[in-house]
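Peer 1: When the sequence shown is numbered by numbering that gives the first Met the number 0, its final residue is 390 and no position is left out of the sequence of numbers.
For each residue, glycine too, the CB sits at the ideal point set by N, CA and C.
Being a predicted model, the structure only gives us computed values, none of them experimental.
If you scroll down you'll find the structure; I have some questions about it.
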Amino acid sequence: MTSTLFTNISELVTNSPEIGDESVMGRLYDAALVVEDGVVAWVGPASAAPDCDEISDCHANAVVPGFVDSHTHLVFAGSRADEFAARMAGERYDGGGIARTVADTRAASDEELHETSQQRWWQLRTSGVTTVEVKSGYDLTAAGEARLLRVASDFTTETTFLGAHSVPREFAHDRDAYVAYVAGEMLSASLPYAHWADVFCDRGAFSVDEARHILTAARAAGLGLRLHGNQLADSGGVALAAEMRAASVDHCTHVADHDLEALAASGTVATLLPTAELFTRSPFPDARRFLDAGVTVALATDCNPGTSYVTNAPLVLQLAVTMMNFTVDEALWAFTAGGAAALRRSDIGGLAVGQRAHLLVVNGSRSADLAYRASARPLARVFHETSGIDR
Ligand code: NIG
Ligand code: FE
């Protein structure tokens with residue numbers, strides 16, 4: 000068992016209210032942290048740090064927990080740069096471009112999918128993401144969705160079956176048959192590789208009744224529930240997520256006050272996706288409404304080829320603060336502890352004793368530097384228990 004002392008930390012954010020300044024951020028100044036076997040073993044003032052086998056000097060920089068990116072569509076082929084350009088010239092996003100990515104993804108080899116997904120995962124990691132959720136949804140056949148989840152399982156255990164992303168062309172004449180296929184054969188084929196199920200429940204996508212049917216089958220099969228809801232309209236997706244006590248409902252661009260009350264009562268996390276709003280020129284939801292209503296809020300990249308081709312985690316934090324009315328601390332909490340809550344994980348999202356040693360050494364003395372400075376190199380180091388130091 001090797002112990003490593005991370006010391007000379009100007010500001011340490013643990014997200015554990017029992018530590019340090021007794022805020023939800025659990026903040027300590029002039030701190031140190033000991034890692035043993037990939038887990039945080041001690042946290043305290045640098046002056047009281049125990050002896051360890053190795054010392055890692057943080058050079059008076061701030062240290063924060065790794066980002067938990069609880070919503071991505073990392074496994075896909077092709078590009079939709081021209082769709083983006085058309086949108087910036089005035090076209091509206093309606094989810095129709097999913098069919099194009101489905102065609103490109105079906106045509107891609109296992110090796111190509113693996114390679115391109117791995118590259119995106121590497122970019123996310125070096126930008127500070129230490130845990131990622133990955134959805135299927137760009138094949139829409141039983142064997143193909145299972146294939147995408149198999150690729151995703153190579154780099155995360157947080158895999159999500161999203162057969163209900165769009166109705167593919169071959170079922171355009173019979174959407175009921177497609178819903179039955181998703182809830183039956185496709186779900187069964189995906190089960191060995193999936194931990195969660197998700198449905199794109201929105202205007203022009205799947206209705207509340209269709210989503211309820213698919214999620215009920217997924218729950219019976221043992222999967223946890225999440226939902227894309229209210230991205231394009233007040234579509235009832237958020238209310239359904241609360242009704243079904245889903246772990247998270249994501250996007251939440253258009254929400255009514257009664258939706259917020261329902262989320263607070265059910266404990267369902269609202270995952271906000273600022274870069275999806277940015278790249279579709281959609282209104283940014285006001286985080287204050289969610290937070291004041293007592294809803295647990297997470298932030299994620301939504302990395303996907305249509306609405307948010309983003310592998311830059313600090314950008315999410317910066318937009319949350321500048322455009323969504325999060326305070327800097329609230330945004331940092333949402334992208335760490337909030338993401339962990341959205342995945343129902345207590346071993347990540349913070350740096351208290353017993354949690355995984357996923358830590359970011361900021362290139363700056365304050366955690367706020369991550370939101371304050373749009374640096375090309377915001378992180379000095381990313382430490383992850385399985386890979387050691389990424390950069
Ligand atoms: O989260 N809204 C549904 N799914 C993705 C976009 C899918 C696409 O356009 O390829 C999203 O924004
Ligand atoms: Fe998404």
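Give the straight-line distance between the Cα atoms of Ala219 and Asp68, rounded to the nearest whole angstrom.
Peer 2: Position 220 of the sequence shown holds residue 219. Position 69 of the sequence shown holds residue 68. In a straight line, the C-alpha of Ala219 is about 26 Å away from that of Asp68.
Peer 1: Is any non-hydrogen atom of the ligand GDP found closer than 6 Å to the C-beta of Asp29, if you look at the structure I gave you?
Peer 2: Although the ligand GDP was asked about, the structure shown includes only the ligand NIG and the ligand FE as ligands.
Peer 1: Whole angstroms is fine: what's the gap from Asn14's alpha carbon to Ser2's?
Peer 2: Looking up residue 14 in the sequence shown gives position 15. Looking up residue 2 in the sequence shown gives position 3. Whole-angstrom Cα-Cα distance: 22 Å.
Peer 1: Looking at the secondary structure, which residues open and close the alpha helix (DSSP H) in which Ile213 lies?
Peer 2: Here residue 213 is taken as the residue at index 214 of the sequence shown, counted from 1. Here the alpha helix (DSSP H) through Ile213 covers 207-219.
Peer 1: By Cβ distance, which residues of its chain are closer than 8 Å to Arg390, with the 5 residues on each side in sequence left out?
Peer 2: Position 391 of the sequence shown holds residue 390. Confidence in Arg390 is poor, its pLDDT being 48 and thus under 50, which makes the residue's placement too unreliable to answer from.
Peer 1: Who are the near neighbours of Ala45 in its chain, counting only those whose CB is closer than 8 Å to its CB and skipping five residues on each side?
Peer 2: Residue mapping note: residue 45 aligns to position 46 of the sequence shown, counting from 1. Here the set comprises Thr6, Asn7, Ile8, Asp29, Ala30, Ala31.
Peer 1: Once the 5 residues before and after Ala245 are set aside, which same chain residues still bring their CB inside 6 Å of it?
Peer 2: Sequence index remark: in the sequence shown, residue 245 carries index 246 (1-based). Once the five neighbours on either side are set aside, the close Cβ partners of Ala245 are Leu224, Arg225, Leu226, Thr267.
Peer 1: Would you report the Cα separation of Glu242 and Ala217, rounded to the nearest angstrom?
Peer 2: Position 243 of the sequence shown, counting from 1, holds the residue named residue 242. Position 218 of the sequence shown, counting from 1, holds the residue named residue 217. If I take the Cα positions, the gap works out to 15 Å.
Peer 1: Thinking just about the alpha-carbon of each residue, which of Leu358, Arg280, Asp368, Leu290 is nearest to the one in Gly37?
Peer 2: Here residue 37 refers to the residue found at position 38 of the sequence shown. Of the candidates Leu358, Arg280, Asp368, Leu290, the one whose C-alpha sits nearest the C-alpha of Gly37 is Leu358.
Peer 1: Counting only the same chain and skipping the five closest in sequence on each side, list residues whose C-beta sits under 6 Å from that of Leu147.
Peer 2: Looking up residue 147 in the sequence shown gives position 148. Here the set comprises Val74, Ser135, Asp138.
Peer 1: Helix, strand or coil for Ala30? Go by DSSP, reduced to three states.
Peer 2: Taking the sequence shown and counting its residues from 1, the one referred to as residue 30 is at position 31. Looking at Ala30 - three-state DSSP - the assignment turns out to be strand.
Peer 1: To the nearest angstrom, how far is the alpha carbon of Gly221 from that of Val178?
Peer 2: The residue labelled residue 221 in the question sits at position 222 within the sequence shown. The residue labelled residue 178 in the question sits at position 179 within the sequence shown. A straight line joining the alpha-carbon of Gly221 with that of Val178 spans about 19 Å.
Peer 1: Helix, strand or coil for Val133 per DSSP?
Peer 2: As a working mapping, residue 133 is identified with position 134 in the sequence shown. In this structure, Val133 counts as strand in the three-state DSSP scheme.
Peer 1: Pick helix, strand or coil for Glu17, following the three-state DSSP scheme.
Peer 2: What you label residue 17 is simply residue 18 of the sequence shown in a count that begins at 1. In the structure shown, Glu17 sits in coil (DSSP, three-state: anything other than H, G, I, E or B).
Peer 1: Could you tell me which of Val254, His250, Leu290 sits nearest to Glu276, measuring between CA atoms?
Peer 2: Start at 1 with the first residue of the sequence shown, and residue 276 comes out as number 277. The shortest C-alpha separation from Glu276 is found at His250.
Peer 1: Nearest chain D C-beta to Ser116 closer than 7 Å, yes or no?
Peer 2: Absent from the structure: chain D. Only one protein chain is present.
Peer 1: Report yes or no: do the stretch 42-59 and the stretch 342-361 share at least 3 C-beta pairs separated by less than 8 Å?
Peer 2: yes
Peer 1: Identify, in the order they occur along the chain, each residue of the same chain with its Cβ nearer than 6 Å to the Cβ of Arg149, setting aside the five sequence neighbours on each side.
Peer 2: The sequence position of residue 149 within the sequence shown is 150, counting from 1. Here the set comprises Tyr192.
Peer 1: Looking at C-alpha atoms only, which residue of Arg105, Thr310, Ala370, Glu53 is the closest neighbour of Ala141?
Peer 2: Within the sequence shown, residue 141 is the residue found at index 142, counting from 1. Nearest of Arg105, Thr310, Ala370, Glu53 to Ala141, Cα basis: Arg105.
Peer 1: Bridge partners of Asn60, per DSSP?
Peer 2: Residue numbering aside, residue 60 sits at position 61 when the sequence shown is read from its first letter. Bridge partners of Asn60: Ile8.
Peer 1: Could you give the distance in angstroms between the alpha-carbon of Gly127 and the alpha-carbon of Pro313?
Peer 2: Residue 127 sits at position 128 when you count from the first residue of the sequence shown. Residue 313 sits at position 314 when you count from the first residue of the sequence shown. Going from the Cα of Gly127 to the Cα of Pro313 covers about 8 Å.
Peer 1: Give the straight-line distance between the Cα atoms of Thr295 and Leu331, rounded to the nearest whole angstrom.
Peer 2: On the sequence shown, residue 295 is found 296 positions in, with the first residue counted as 1. On the sequence shown, residue 331 is found 332 positions in, with the first residue counted as 1. Spanning the two alpha carbons is a distance of roughly 13 Å.
Peer 1: Among Phe289, Asp175, Asn362, Leu262, which residue has its Cα nearest to the Cα of Ser374?
Peer 2: Taking the sequence shown and counting its residues from 1, one reaches residue 374 at position 375. The shortest Cα separation from Ser374 among Phe289, Asp175, Asn362, Leu262 belongs to Asn362.
Peer 1: Using a Cβ-Cβ cut-off of 6 Å (strictly less than) and excluding sequence neighbours within five positions of Leu11, which residues of its own chain qualify?
Peer 2: To locate residue 11, count along the sequence shown from 1; it is residue 12. Leu27, Ala30, Val62, listed in sequence order.
Peer 1: Could you check the C-alpha separation between Ala102 and Phe199 for me, to the nearest Å?
Peer 2: Numbered from its first residue, the sequence shown carries residue 102 at position 103. Numbered from its first residue, the sequence shown carries residue 199 at position 200. Cα-Cα distance, rounded: 19 Å.
Peer 1: Bridge partners for Glu35 per DSSP, in chain order?
Peer 2: Walking along the sequence shown from the start, residue 35 turns up at place 36. In the DSSP output, where bridge partners are listed per residue, Glu35 has Ser2, Val38.
Peer 1: Pick out the complete alpha helix (DSSP H) segments inside the stretch 242-285, 4 residues or longer, and give them in chain order.
Peer 2: 256-265, 273-278
Peer 1: When the Cα of Ile213 is compared with those of Met0, Ala98, Ala163, which residue comes out closest?
Peer 2: Your numbering for residue 213 matches position 214 in the sequence shown. Nearest C-alpha to Ile213: Ala163.
Peer 1: Spatial neighbours of Ala151 within its chain, please: CB distance less than 6 Å, with the 5 preceding and 5 following residues excluded, ordered by chain position.
Peer 2: One-based indexing of the sequence shown puts residue 151 at position 152. Contacts found: Val74, Val133, Thr158.
Peer 1: Using only alpha-carbon positions, find the residue among Glu184, Ser206, Asp258, Thr274 that is nearest to Phe391.
Peer 2: Residue 391 is absent from the model: the chain starts at 0 and stops at 390.
Peer 1: With a CB to CB cut of under 6 Å and the five nearest residues on each side skipped, what residues in its chain are close to Ala319?
Peer 2: As a first step, residue 319 must be located in the sequence shown, where it is residue number 320. Counting only Cβ-Cβ distances below 6 Å, and skipping sequence neighbours, we find Pro273, Leu298, Phe325, Ala330.
Peer 1: Using the rule of at least 16 other Cβ atoms within 10 Å of the residue's Cβ for burial, across every protein chain shown, is His383 buried or exposed?
Peer 2: Counting from one through the sequence shown, the residue named residue 383 turns up at place 384. Using a 10 angstroms sphere on the CB of His383, the tally of other CB atoms reaches 16 or more, which defines it as buried.
Peer 1: Given this structure, state the Cα-to-Cα distance separating His194 from Arg211, to the nearest angstrom.
Peer 2: For the purposes of this step, residue 194 is taken as residue 195 along the sequence shown, with counting starting at 1. For the purposes of this step, residue 211 is taken as residue 212 along the sequence shown, with counting starting at 1. Those two C-alpha atoms are separated by around 18 Å.
Peer 1: Under a three-way DSSP split, which group does Thr104 fall into?
Peer 2: Walking along the sequence shown from the start, residue 104 turns up at place 105. Note: Thr104 maps to helix in three-state DSSP.
Peer 1: Is it the case that the CB of Asp301 approaches a heavy atom of the ligand FE more closely than 6 Å?
Peer 2: Within the sequence shown, numbered from 1, the residue matching residue 301 stands at position 302. True, at least one ligand heavy atom lies under 6 Å from that Cβ.
Peer 1: Grab the span of the beta strand (DSSP E) containing Glu157 for me, first residue to last.
Peer 2: On the sequence shown, position 158 is the one that residue 157 refers to. Its beta strand (DSSP E) spans residues 157-163.
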